[in-house]
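Asker: Have a look at this one.
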Amino acid sequence: MLPTWLTAAYLQPRLRAYCQDDRLQVLRIWAKPATGKGENFVGVMTRIYVDYQLGDGSVVNKTYIVKQALSAEVPQAEVFFEYELYTREMDMYEFILPKLKELLQEAGLDQKLTADAITVDREYNTMILEDLAPYKFVNADRVKQLDMAHTELTLEMLAKFHAASIVLQERHPNLLTKCFYTHFFSRDKKAYSVVFAGLFKAFLRFIDGQPNLKEAYGDKLHKLRTHIMEYGARAYDVGESDLKTLNHGDCWTTNIMFQYDDAGEPRSVVAIDFQFSNCTSPTIDLHYFFTTSLREEVGDKESELVEHHYKALKANLEKFSYKGSLPTLQEYRLQFERRRFMSLLAHMFKPCMIYNGSEETSDFSSLYAESPEGLRYQKSVYASEAVIRSATKLLAILDAKGLLELQ
Numbered sequence: 138m139l140p141t142w143l144t145a146a147y148l149q150p151r152l153r154a155y156c157q158d159d160r161l162q163v164l165r166i167w168a169k170p171a172t173g174k175g176e177n178f179v180g181v182m183t184r185i186y187v188d189y190q191l192g193d194g195s196v197v198n199k200t201y202i203v204k205q206a207l208s209a210e211v212p213q214a215e216v217f218f219e220y221e222l223y224t225r226e227m228d229m230y231e232f233i234l235p236k237l238k239e240l241l242q243e244a245g246l247d248q249k250l251t252a253d254a255i256t257v258d259r260e261y262n263t264m265i266l267e268d269l270a271p272y273k274f275v276n277a278d279r280v281k282q283l284d285m286a287h288t289e290l291t292l293e294m295l296a297k298f299h300a301a302s303i304v305l306q307e308r309h310p311n312l313l314t315k316c317f318y319t320h321f322f323s324r325d326k327k328a329y330s331v332v333f334a335g336l337f338k339a340f341l342r343f344i345d346g347q348p349n350l351k352e353a354y355g356d357k358l359h360k361l362r363t364h365i366m367e368y369g370a371r372a373y374d375v376g377e378s379d380l381k382t383l384n385h386g387d388c389w390t391t392n393i394m395f396q397y398d399d400a401g402e403p404r405s406v407v408a409i410d411f412q413f414s415n416c417t418s419p420t421i422d423l424h425y426f427f428t429t430s431l432r433e434e435v436g437d438k439e440s441e442l443v444e445h446h447y448k449a450l451k452a453n454l455e456k457f458s459y460k461g462s463l464p465t466l467q468e469y470r471l472q473f474e475r476r477r478f479m480s481l482l483a484h485m486f487k488p489c490m491i492y493n494g495s496e497e498t499s500d501f502s503s504l505y506a507e508s509p510e511g512l513r514y515q516k517s518v519y520a521s522e523a524v525i526r527s528a529t530k531l532l533a534i535l536d537a538k539g540l541l542e543l544q
């Protein structure tokens, strides 16, 4: 359904500005949902179809993505408003991403980074974005996860984004306003502590139902339960010697889109969904991406992947003639290692990210609430060999590094 305010009269001046054509005439608009049930918990996505005539008389048929904030009456909306997710994403598309695009072009790095914004409308909490489907950008399979080719390409895209943001911080520090220093674990916010408490309880119910995992890690995990928000906050804390960038903040399979060559190999990649973007160590993006999105055999090459990202970051900064300090590879690895607890917190989302069952939900609270629907959904997403294998491997690594002990 089209929002009632989204008329030809509304869209026409905005398309004229975007297309730089004062005689452009919108002829017709119609719509379809852009995502399926349960694919997007944070907003409402609609694909609109627009026929318009250019000043030269030619008629164009285009599609755009309309991204609206949830209505304030929706229960989960309260969480998203407290963390300024909608303000932040509108700031990203209106101010930050165009500036990053400009900086990248200046450095000769002009491959597409994301979709352009046609308009950002704060009155309606809405953005109208370029549709990436006509460029043949598609999502990879979130259940199968990413192979090495997709992973390396994504790391190169993140390195470009991180490098441009370092230069942005240097040249336009005022653009990164207060909302970019807010994250899941911000100590002055409350709503996500309820979310993570529920996610962790769901994880503990799963552990308690796996005799081997319960015996090996149950006691330690139950003791950790009340500390996870503080340990998460410490992972996001950035010391003076740490590299700090703007992060994507939610880099996983569904928020990355690929273009393929004729042989079916990925040749370019863009990121979408920037509502969680924040300023912290770029290694937070890496932990989240590695934990949620990689095939097992790719994740096993973690050391090589960290190096791949670091070298791409360094090469991009050289293209910017960046003169600031950059950690050595060894220092960067230590910065990554100090944030390893993030992999446990990212794993709380993984069961629903790779879920392939029939228990659908469009309610974000089903991921963590102890309601009948929530408990049923959580039990279903955890009943997976892939999740058991993934949790077993992760807990063994964290335990060996002493990260399941109280810090």
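Take the position in the sequence shown, starting the count at 1, then add 137; the result is the number in the numbering used here.
Where is the CB? At the ideal position from N, CA and C, for every residue including glycine.
Short check: CB of S503 to CB of G511, under 9 Å?
Answerer: yes
Asker: Which class does L405 belong to by DSSP, given the choice of helix, strand or coil?
Answerer: Just to set this straight, residue 405 is Ser in the shown sequence, not Leu. Residue state, collapsed to three classes: strand.
Asker: Determine the closest residue to K456 out of H287, K297, F395, with distance taken between C-alpha atoms.
Answerer: K297
Asker: Tell whether a beta-carbon distance below 9 Å holds between L292 and F411.
Answerer: no
Asker: I'd like to know whether the C-beta atoms of V406 and L290 end up nearer to each other than 9 Å.
Answerer: Yes; because the gap between Cβ atoms is below 9 Å, this pair is in contact.
Asker: Where does F411 sit, in a helix, a strand or coil, going by DSSP?
Answerer: Note: F411 maps to coil in three-state DSSP.
Asker: In the structure shown, what three-state DSSP assignment does M285 receive?
Answerer: In the structure shown, the three-state DSSP call for M285 is helix.
Asker: Alpha carbon to alpha carbon, how far is E542 from D536? Give it in angstroms, no decimals.
Answerer: 8 Å
Asker: For Q248, name the three-state secondary structure that DSSP assigns.
Answerer: In the structure shown, Q248 sits in coil (DSSP, three-state: anything other than H, G, I, E or B).
Asker: What number of angstroms, rounded off, separates the C-alpha of M227 from the C-alpha of L161?
Answerer: So the two alpha carbons sit approximately 25 Å from each other.
Asker: Can you have a look at D422 and say buried or exposed, based on whether 16 or more other CB atoms are within 10 angstroms of its CB?
Answerer: buried
Asker: Between L312 and Y373, what straight-line distance do the alpha-carbon atoms span, to the nearest angstrom?
Answerer: 20 Å
Asker: Between the alpha carbons of G175 and A400, how many angstroms are there, rounded?
Answerer: At G175 the pLDDT is 43, less than 50, meaning the model places this residue with poor confidence and gives no usable figure here.
Asker: Applying the criterion that 16 or more other CB atoms from any shown protein chain within 10 Å of the CB defines a buried residue, is L532 buried or exposed?
Answerer: buried
Asker: Of all the options D500, T200, C156, which has the alpha carbon lying nearest to the alpha carbon of Q216?
Answerer: Note that residue 216 is Val in the sequence shown, not Gln. The residue with the shortest Cα to Cα distance from V216 is D500.
Asker: Can you say whether D247 is buried or exposed, counting buried as having 16 or more other CB atoms within 10 angstroms of its CB?
Answerer: Here D247 is exposed: its Cβ has fewer than 16 other Cβ atoms, across all protein chains shown, within 10 Å.
Asker: Considering only heavy atoms of the ligand GTP, does any lie closer than 8 Å to the CB of L454?
Answerer: Of ligands this structure carries none, so the ligand GTP is not represented either.
Asker: Taking the alpha carbon of D284 as the reference point, which residue from Y272, L266, E402, E231 has its own alpha carbon closest?
Answerer: Ranking the options by Cα distance to D284, first place goes to E402.
Asker: At what residues does the beta strand (DSSP E) containing F395 begin and finish?
Answerer: 393-397
Asker: For M138, count the other beta carbons within 10 Å of its own beta carbon; 16 or more makes it buried, fewer makes it exposed. Which is it?
Answerer: exposed
Asker: Using the three-state DSSP reduction, which class does E439 fall into: helix, strand or coil?
Answerer: Reduced to three states, the DSSP call for E439 is helix.
Asker: Going by beta-carbon coordinates alone, are Y220 and Y318 separated by less than 9 Å?
Answerer: Against a cut-off of 9 Å, the Cβ pair of Y318 and Y220 comes out as no contact.
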